[in-house]
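Working notes, beginning with the structure itself.
Protein chains in written order, with our numbering: chain L, 1 to 332; chain R, 1 to 309; chain Y, 1 to 389.
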């Protein structure tokens, strides 16, 4: 069931003495209860801005956000009601908790704001702490952030986000700053909570592998646009957009032998002698496909901005190669 | 307003006060007080003067009464000698302590409150309000302080200490306000402030609970600096005759001393003690400031590392 | 001084000579309760190889890097151990810790240089790139004229794939990837024999990261320096390093060839780490990671530091400290299909050690548990799902 619908969302920033920067450009998607949607992209793609716009930390320049069919509140009471339903977990566990306050304070405040009476609030705090596996709850509640590890802090951040009993949870790179060995714990926790509470989870990350393993659908963002959108397995195993292909090839793979690695590396270096490194190829392309500066398959028609083409049911890509009417594009 | 030292003002906050974390740190700091000789010295000096200000006047007689021979040097009866008109310098000094410290702290409190309101308020609000307050701050900052102070003081020369307090407060808030605004702008974008906003926390609560504690170190040290500045400015103004003569402060004593030719007649016991007291209070407050910095910022602590390779 | 061309691949590093040897190095942070950040670490870097050091926060890898480059500052200090540098030009080793100030200045950057974690930590934001390069030359090669400096700086930029006209740019005018390249160029300016890289690509996107790592390899082949590469990203390390050392709680717990470690991790922590990365294209299965957190290094550690988090902990683990030794009970090396066999005749234990009682034949005559000897990357249903605490 679709809980949050985003239609043609755009976010623009004014830069001093420069053109307006479109960080998010006409993005549309929906979040469904009990499902995870992964938003994959690199830094500068606009994915964090999408999260902030959905939380109303940043005002969208155009487009709509509908919560259960009704437009999201913009200010006052309507905004507060909206905020109770849509919560955010941030990336940096060391910055998302105020060092001056205890864990208890961090969880009590959202409970009080969302209307929980003073009576029984301690039990509620304990329950939340238990649900994120911070035990024993009374002991953990009294601790201060500097006494907790990164993983523990992130659990507190999750508990805080769960306090108002939201319908939607936005997780902006929730594990990228954590040690590798505990990332899976936290991701498994989010997954379990999503199932138990029927949350609509938006998992924002640059890590394709976890995006695939923890979500049902994936959106790939590049410079503010969604370039590919579809079921997780589909998008990963049959990427339809050249950028997705590029991302996948850059992920280090464990099962490759040293010889193969050396060979692949030489191939890449050869290619790069012909085409210069990534940054130098980023054109200020505001017309046409934004990826064409880096795209190995760029064609004439790419100077016109491509629409979304359906690759298979539920799987779309914004690339002329997928145009069924065009020059028969290469198969994935 | 009762005069208390910096540490006492803070510990008056109730245990559930939002700055509880800061409180814990300060309590731990108190324990570490012993380890910082600078801070300890500063605290001792200021404590001494504060006690003197509170209790001193109860122990001495009316300082304005003419009790002895004019311009007499220090003796067993008059430890610091007498003034031109035969007043007891020591008595005067003790009573003047209260006046001086009152002006210093009161002006600093008012200036700090104004700086907080304008600096943090503007920084957090953003938009047009911020631009306006920022403009106001910059204008006040640019106006040369001393001439302005002199002009205002000249017009208000009556009615006790209040005019002096007002004048100093009005001319010193801008520097802190500017810095506080900058700090607020940076704290405002920290993740936990964003998290508070997403939780639905109201703006005023965010300012007091999330932002203020981060600025506390600066606010405290800024306050102490303002006290020093206020006392020195007041001494300066009084010395050039801009303080109403019915109040007794160290600055005023210097004024009278100078007026009554104490310098040329070599009556050092009249002008050296007040000057020395001003210097001592200034030093004591500075030492406290350095010490606080060391305590609240662990990275500045000196490590006595063994001879390392 | 023309640099000798480096070996073409990891094969020859087995026979290569040692360029840096650290023995029994321990580093402590002074304080009310001293923190033992590095505990009795010994390692060897061979000429032309990439030695990776993997570990998570608090394991001591960065501290170790700083110690090797003699960059420790109070309150950190080396409490024991020796670090010997075997220069190309001399026959006898140099004790790094014994260098006097003048010799240390000559040594630094010319023999051993460092690439720091964040480029913005290494680059001065208010000085142009050209000037920063010039500073290096002025300090170390005073006889170099201004034109020569300029020329060489441009060459260095070109070498890392940045247009030489950027020589007048300031750091903030470059993207993150370009800044990191500049930092690498600066580290290579004097053609050192060893470059220590501390998380050089952490802040970068995966595509840029791959490009930079390729550059590093190319440069290594051209110039012939050795690299100590430190990161928490084990999958990255398996990609780029010839040998690697896994650090936990200040100690090295496994040490060997990357392929071996990837195919047959000997230490339960390595095993756990390898299973913390979902494979992009493999079938989905339950993944677990390594629940728990590392021990407090201020306290004395009795026995094996990994015991509380170890799935295979048994009898002697909590009380007896396992030393780093070759697993004389070498697992059968039927490697992962496609892996090279050609490392040497004595591959079974050549250059491979682990600090774990599971591999001590005296304590476990039957050898380590079967699960741990299974090749990583096989879709063994790793663990039963369960609520992690």
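Glycine residues also receive a C-beta, built at the ideal position from the N, C-alpha and C atoms.
Looking at the structure shown, is residue i part of a helix, part of a strand, or coil, going by DSSP?
i, result
"residue 171/Y", "helix"
"residue 178/Y", "helix"
"residue 256/R", "helix"
"residue 53/Y", "strand"
"residue 220/R", "helix"
"residue 336/Y", "Here the model assigns residue 336/Y a pLDDT of 37, short of 50, so the residue's position is not dependable, and the following value carries that caveat. Three-state result, residue 336/Y: coil."
"residue 91/L", "coil"
"residue 197/R", "helix"
"residue 92/R", "helix"
"residue 44/Y", "strand"
"residue 113/L", "helix"
"residue 71/L", "strand"
"residue 172/R", "helix"
"residue 215/R", "helix"
Along chain L, which residues have their Cβ under 9 Å away from the Cβ of residue i?
i, result
"residue 194/R", "52, 55, 57, 88, 90, 96"
Going straight from the alpha carbon of residue i to that of residue j, what length do you get?
i, j, result
"residue 4/L", "residue 142/L", "35 Å"
"residue 332/Y", "residue 362/Y", "Low local confidence applies: a pLDDT of 41 at residue 332/Y is under 50, so the model's placement there is unreliable, and no value is given."
"residue 75/R", "residue 270/R", "13 Å"
"residue 63/Y", "residue 325/L", "60 Å"
"residue 304/L", "residue 288/L", "4 Å"
"residue 71/R", "residue 88/R", "10 Å"
"residue 99/R", "residue 247/R", "7 Å"
"residue 293/L", "residue 137/R", "48 Å"
"residue 209/L", "residue 93/L", "22 Å"
"residue 286/Y", "residue 273/Y", "15 Å"
"residue 265/R", "residue 115/R", "45 Å"
"residue 219/R", "residue 128/R", "25 Å"
"residue 161/Y", "residue 147/L", "44 Å"
"residue 113/L", "residue 102/L", "17 Å"
"residue 343/Y", "residue 50/L", "With a pLDDT of only 38 at residue 343/Y, under 50, the local geometry of the prediction cannot be trusted, and no value is derived from it."
"residue 74/L", "residue 104/L", "29 Å"
"residue 245/Y", "residue 255/Y", "4 Å"
"residue 201/L", "residue 117/L", "28 Å"
"residue 105/R", "residue 95/R", "16 Å"
"residue 121/L", "residue 110/L", "11 Å"
"residue 370/Y", "residue 171/L", "38 Å"
"residue 127/L", "residue 137/L", "8 Å"
List the residues of chain R whose Cβ lies closer than 7 Å to the Cβ of residue i, in chain order.
i, result
"residue 336/L", "Within the shown structure, residues of chain L are numbered from 1 to 332, placing residue 336/L beyond reach of any answer."
"residue 48/L", "The premise fails here: residue 48/L is roughly 11 Å from chain R at the closest Cβ pair, so nothing lies under 7 Å."
For residue i, return the contacting residues in chain R, with the cut-off set at a CB-CB distance below 8 Å.
i, result
"residue 109/L", "196, 199, 201"
"residue 84/L", "200"
So which residues of chain Y does residue i contact, with C-beta pairs closer than 8 Å?
i, result
"residue 151/L", "293"
"residue 160/L", "Residues of chain Y passing the Cβ test: none, with the nearest at roughly 20 Å."
"residue 213/L", "278, 284, 287"
Give me the chain L residues within the contact set of residue i, using Cβ-Cβ distance strictly less than 8 Å, ordered along the chain.
i, result
"residue 207/Y", "42, 246, 247, 250, 278"
"residue 359/Y", "Residues of chain L passing the Cβ test: none, with the nearest at roughly 21 Å."
"residue 281/Y", "236, 237"
"residue 210/R", "98"
Run down chain L in chain order and give the residues with a C-beta less than 7 Å from the C-beta of residue i.
i, result
"residue 273/R", "Those within 7 Å of residue 273/R in chain L number zero; the least Cβ separation is about 44 Å."
"residue 289/Y", "181, 182, 183, 184, 185"
"residue 218/Y", "269"
"residue 232/Y", "179, 180"
Just to make sure I have the definition right: I need the residues of chain R whose C-beta is within less than 9 Å of the C-beta of residue i. Which are they?
i, result
"residue 333/L", "What the structure shows of chain L is the stretch from 1 to 332, and residue 333/L is not part of that stretch, so it cannot be assessed."
Under 9 Å between beta-carbons, which chain Y residues line up against residue i? List them in chain order, please.
i, result
"residue 81/L", "By Cβ distance, chain Y contributes nothing, its closest Cβ being about 33 Å from residue 81/L, past 9 Å."
Starting from residue i, find everything on chain Y with Cβ-Cβ shorter than 7 Å and list it in chain order.
i, result
"residue 261/L", "239"
"residue 265/L", "214, 217"
Chain Y contacts from the stretch 189 to 208 of chain L (Cβ-Cβ distance under 9 Å): 189, 192, 206, 207, 208
Which parts of the stretch 97 to 143 of chain Y are runs of the beta strand (DSSP E), unbroken and 3 residues or longer, counting only runs that do not cross its ends? 112 to 115
Tell me the start and end of each unbroken alpha helix (DSSP H) in the stretch 189 to 275 of chain L that is at least 4 residues and wholly inside, in chain order. 208 to 214, 232 to 237, 242 to 250, 258 to 274
Length at least 4, wholly inside the stretch 51 to 135 of chain R: the alpha helix (DSSP H) runs in chain order: Runs of the alpha helix (DSSP H) inside the stretch 51 to 135 of chain R: 89 to 125.
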